[in-house]
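So in full-length UniProt numbering, spot 39 of the sequence shown is number 39, and the numbers just go up one at a time. Don't be surprised by glycine CBs; every beta carbon is placed ideally from N, CA and C. Shown next, in structure tokens, is the structure this report addresses.
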Amino acid sequence: MPFEIIQGDITRIQADAIVNAANPQLQMGGGVCGAIFMAAGPQKLQAACDKLAPIHTGEAVITPGFALPARFVIHTAGPVYSRQSPDESERLLASAYRSSLKLAFEHGCHSIAFPLISSGIYGYPRRDALEVATCAIRGFLEIHDMDVKLVIFNRSDVQIPPGTLSSVDDWLKKRLPETQAVRSLSDTIAMDRLCESTLLQPSAAPASPFHPDFSRMFGKLDAPFDVYLMKLIDRRGMSDVQVYRKANLDRRLFSKIRSGKGYHPGKRTILALAVALELTLKETEALLERAGYALSPADKFDVVMEYFLEHGPRDIDEINEVLFHYDLPLLGGC
């Protein structure tokens, strides 16, 4: 998907470029910076950095990835939060993201992974740092196609506004029986893929010598998923580009959906489209039904989505932050 928050080790991410939250002198530091240097090969990476140092706060430079899985390392200096006003810190932090994305684009990168810049020893409040990162990345994706990952080391680093979290928690307690087993993240994704593949595969049933003519009956069926979706988009007065970007979908996937060849996307992709189109819960259930899906009252992911469809907000990034908090799959598709 175009923008995704994941938990993991950025030095192991398969991407064209990873971003190092560097100091202006581009010297090997601690934390994520130190881990990147060690994984790349500290002598080679330091020698490459020495040729480019120093850099200004908010500026970015690029070096080879050396021993890393990534082709490039983009080094950017985020602000130390206490050294200037909050507004200036925000401007500098946004510049660090934008400069890194611009450099990645200029070097032909199709994918990039960021840490949450300045949120460690530089003291930027984590909730604010996440909002700045999301805004800068989304601004870039409004114009360019690129897969962007925000790599979080600890899940608790994604701080959800307390009011939102308590409301969703209360909703889950009411909707999910305490004894009800809830599918894990991997199980939810696996089931999503299984349903999608099942819808795409021809029937394995043995061929019958009897071939009745169902053409008249089929002609009375409701509009298929892709036709129904396009009608919803037209009614909302939105362009295809607006929809797939707001839904956090890859352009190629959206083209596949609207091709008219009977392709049915996964359940999470359909829910992302429902959020982008600001559908009601009832409208979302109707859209899911066209692709052979339904919201389950026994599935934690579905119950969380039901909350947002009934109460809002209709913002894909805010919803994904909550899903990430609960270790659930995110909305969108690739």
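Do residue i and residue j have their C-beta atoms within less than 7 Å of each other?
{"i": "residue 147", "j": "residue 251", "result": "no"}
{"i": "residue 258", "j": "residue 226", "result": "yes"}
{"i": "residue 136", "j": "residue 175", "result": "no"}
{"i": "residue 268", "j": "residue 224", "result": "no"}
{"i": "residue 96", "j": "residue 76", "result": "yes"}
{"i": "residue 122", "j": "residue 80", "result": "yes"}
{"i": "residue 54", "j": "residue 25", "result": "yes"}
Using DSSP with H/G/I as helix, E/B as strand and the rest coil, what is residue i?
{"i": "residue 85", "result": "coil"}
{"i": "residue 19", "result": "strand"}
{"i": "residue 302", "result": "helix"}
{"i": "residue 287", "result": "helix"}
{"i": "residue 233", "result": "helix"}
{"i": "residue 114", "result": "strand"}
{"i": "residue 64", "result": "strand"}
{"i": "residue 77", "result": "strand"}
{"i": "residue 43", "result": "helix"}
{"i": "residue 106", "result": "helix"}
{"i": "residue 170", "result": "helix"}
{"i": "residue 3", "result": "strand"}
{"i": "residue 158", "result": "coil"}
Short of 6 Å in beta carbon distance, which residues of its chain neighbour residue i, apart from the five on each side in sequence? Order them along the chain.
{"i": "residue 127", "result": "159"}
{"i": "residue 309", "result": "281, 284"}
{"i": "residue 113", "result": "10, 13, 15, 18, 149, 151"}
{"i": "residue 277", "result": "232, 236"}
{"i": "residue 265", "result": "257"}
{"i": "residue 103", "result": "60, 62, 74"}
{"i": "residue 324", "result": "5, 158"}
{"i": "residue 35", "result": "11"}
So, for residue i: in the same chain, excluding its five sequence neighbours on each side, which residues have a beta-carbon less than 7 Å away from its beta-carbon?
{"i": "residue 270", "result": "287, 288, 291, 293"}
{"i": "residue 71", "result": "16, 17, 65"}
{"i": "residue 115", "result": "10, 19, 21, 32, 151"}
{"i": "residue 248", "result": "1, 2, 3, 272, 316, 331, 332"}
{"i": "residue 256", "result": "263"}
{"i": "residue 41", "result": "66, 67"}
{"i": "residue 23", "result": "29, 77"}
{"i": "residue 8", "result": "151"}
{"i": "residue 134", "result": "317"}
Would you mind giving the Cβ-Cβ distance between residue i and residue j, rounded to the nearest angstrom? I have them listed as a contact below 8 Å.
{"i": "residue 245", "j": "residue 142", "result": "7 Å"}
{"i": "residue 78", "j": "residue 101", "result": "Incorrect: roughly 14 Å between the Cβ atoms, too far for contact."}
{"i": "residue 304", "j": "residue 322", "result": "7 Å"}
{"i": "residue 172", "j": "residue 300", "result": "7 Å"}
Cutting at 8 Å between CB atoms, please list the residues of its own chain near residue i, excluding the five before and the five after it.
{"i": "residue 240", "result": "233, 254, 258"}
{"i": "residue 106", "result": "none"}
{"i": "residue 182", "result": "Only weak support exists for where residue 182 lies, its pLDDT of 45 falling under 50; the value from the coordinates is given anyway. Cβ neighbours of residue 182 beyond the five flanking positions: 176, 298, 299, 300."}
{"i": "residue 52", "result": "26, 61, 63, 75"}
- Task: Kindly confirm or deny that the region 118-137 and the region 81-95 touch, where touching means at least three C-beta pairs closer than 8 Å.
- Result: Contact between the region 118-137 and the region 81-95 is present, because at least three Cβ pairs lie under 8 Å.
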